[in-house]
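Below: the structure, in structure tokens.
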Amino acid sequence: MLFFGCVFLINAIVTLVELGICDELRNPYLRRTAIVGDQLIDAIEKYKNDVGDYPDSFSELTPRYMKNIPKTGMTKYPEFKYKKLPRKNGDTYEISVITTSGFEYWTYLIYMPSMKYSINCEKRFGKWAYCHESG
């Protein structure tokens with residue numbers, strides 16, 4: 202019986218963290234990820250200055266602009282995602298890290314050049330925003 206009680210408690214804690222109730226625990230990781238992500242922004246902007254357009258993918262940045270594409274530093278969410286956008290609201294690309302996805306709820310860290318983030322993006326880490334969405 203004690204085992205099942207411990208399993209229930211652990212699942213409850215994990216659920217609270219995943220739902221964003223314990224976002225404060227993530228802040229140091231998000232801050233560090235944003236700092237690492239700033240290196241990607243710098244490389245993308247240098248590429249654009251040299252080539253005249255933004256890259257189609259991160260792979261175009263290596264090896265000239267970056268030795269390799271950095272990881273986020275978060276074990277569970279290690280990859281940055283890059284998406285080249287059609288020009289809208291001044292944004293031609295976005296970089297993001299999905300930090301939680303669940304049934305009708307997800308969170309992510311995002312950078313957009315205009316820094317015009319949705320109302321769901323209340324927390325800022327430098328140029329980056331941490332957003333909560335629900336469906």
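The sequence shown: position 32 = 233 (this note's numbering), numbered continuously.
By construction, the Cβ of each residue, glycine as well, lies at the ideal position given by its N, Cα and C atoms.
These figures come from a predicted structure and were not determined experimentally.
Expected contact under 8 Å - CB spacing of residue i and residue j to nearest Å
{"i": "Leu310", "j": "Thr234", "result": "6 Å"}
Spatial distance of residue i from residue j (CA atoms)
{"i": "Cys292", "j": "Asn250", "result": "According to the sequence shown, residue 292 is Asp rather than Cys. About 16 Å."}
{"i": "His333", "j": "Ser297", "result": "13 Å"}
{"i": "Tyr248", "j": "Arg265", "result": "9 Å"}
{"i": "Pro229", "j": "Ser315", "result": "24 Å"}
{"i": "Ser258", "j": "Arg325", "result": "25 Å"}
{"i": "Met267", "j": "Lys277", "result": "24 Å"}
Residue i vs residue j beta-carbon contact at 8 Å
{"i": "Tyr294", "j": "Tyr318", "result": "no"}
{"i": "Asp243", "j": "Gly327", "result": "no"}
Cross-strand partners of residue i (DSSP beta bridge)
{"i": "Glu334", "result": "Trp307"}
{"i": "Tyr294", "result": "Lys285"}
{"i": "Lys324", "result": "Tyr331"}
Below-8 Å beta-carbon distance, residue i vs any chain E residue
{"i": "Lys324", "result": "Of the chains in the structure shown, none is chain E; there is only one protein chain."}
Residue nearest to residue i in terms of C-alpha spacing, selected from the options
{"i": "Ile270", "options": "Thr276, Lys277, Lys282", "result": "Lys282"}
{"i": "Lys272", "options": "Glu323, Ile236, Trp329, Ala330", "result": "Ile236"}
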